[in-house]
Amino acid sequence: MRSFSYRADGLYCEDVRVADVAEREGTPLYVYSRAELLWRLAQIETAFRDADPLICYSVKANGNLSILRLLAEKGCGFDVVSGGELFRTLRAGAGPGKVVFAGVGKTPREIREALQAGIFQFNVESPSELGSINRIAGDTGCRARAALRLNPDVDARTHAKTTTAKKETKFGIPLDEALDLFRDRASFANVDINGVHLHLGSPI
17 MRSFSYRADG LYCEDVRVAD VAEREGTPLY VYSRAELLWR LAQIETAFRD ADPLICYSVK
77 ANGNLSILRL LAEKGCGFDV VSGGELFRTL RAGAGPGKVV FAGVGKTPRE IREALQAGIF
137 QFNVESPSEL GSINRIAGDT GCRARAALRL NPDVDARTHA KTTTAKKETK FGIPLDEALD
197 LFRDRASFAN VDINGVHLHL GSPI
């Protein structure tokens, strides 16, 4: 990592000796580099600039409020998988219009709170979840945006415990079912189905 290095008197984060921070703050201690985070964000922004993307940080990777606040200040969006992560993201000052709600376990309460907060969109994992979002959006007078998470039945040859795109996994909607849902999208009057979502495995 660019921002961490060993010098004659120990490990440094940027120009700060980690041992000095540990002595002042106590241990155990987590140390993050602001410069490193911003450099990596800049790399992603540069790589995808032509696509004008909304770059969303996955809150499950690290929900530290200071990190979330820093990334929000730099215009990042956020990928959340629970009501708690949504709460932390909003607490950090993120605009709800840049939040994507993913994950297989969304509860009715979480869906309602996300709709009322005005999030950007849901990544929908199943026909039943799409139905729930449609119903709750109608009940709350909201209009939801959604991308259908596809299960392409692809073996990414990653670790067996983190494979998410094979048909036997619990994640996503088979392609033929997703096509039927899209064709029948008028039945979901309170949801704009505006995209697709793919995820092949956690290490990828």
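Mapping to the numbering used here: the sequence shown position 142 is 158, numbers consecutive. Every residue gets a Cβ at the ideal spot worked out from N, C-alpha and C, and that includes glycine. Since we're looking at a predicted model, the values are computed, not measured.
Helix, strand or coil: how does DSSP classify L164 here? strand
With DSSP as the reference, identify every bridge partner of Q137, one or two as the case may be. V116
With respect to the alpha helix (DSSP H) encompassing R104, which residues constitute its N-terminal and C-terminal limits? 99-107
I'd like the span of the alpha helix (DSSP H) that includes S144, first residue to last. 143-156
Where G111 and F117 are concerned, what is the direct C-alpha to C-alpha distance, given to the nearest angstrom? 13 Å
Judging by CA-CA distance, which residue of A108, N139, L86, G26 is the nearest neighbour of W55? L86
Check the DSSP bridge columns for P190 and list the partner residues they point to. N167
Quick check for students: name the residue ranges of the alpha helix (DSSP H) that lie wholly in the segment 30-101, counting only runs of 4 or more. 34-41, 50-63, 81-89
Thinking L146 and V207 are a contact (beta carbons under 8 Å), I'd like their distance in whole angstroms, please. 7 Å
In angstroms with no decimal places, state the Cα-to-Cα distance between I71 and G91. 9 Å
Tell me the DSSP bridge mates of H213? R165
For D25, which of helix, strand or coil comes out of DSSP? coil
Taking the C-alpha atoms as reference points, what is the distance between S82 and G134? 23 Å
Per DSSP, D208 forms a beta bridge with which residues? R161
Please confirm if A202 has its CB atom under 8 Å from at least one CB of chain B. No chain B appears in the structure shown, which is made up of a single protein chain.
How would you label G188, buried or exposed, when you count the other beta carbons within 10 angstroms and need 16 or more for buried? buried
For H175, which option in F94, A67, S218 has the closest C-alpha, if you only look at C-alpha atoms? S218
Taking just the CA atoms, how far does S49 sit from V120? 32 Å
Between E61, R104, L53, L166, which has its C-alpha nearest N196's C-alpha? As written in the sequence, residue 196 is Asp, which differs from the Asn given in the question. Closest by alpha carbon: L166.
Buried or exposed: E30, going by 16 or more other Cβ atoms within 10 Å of its Cβ? exposed
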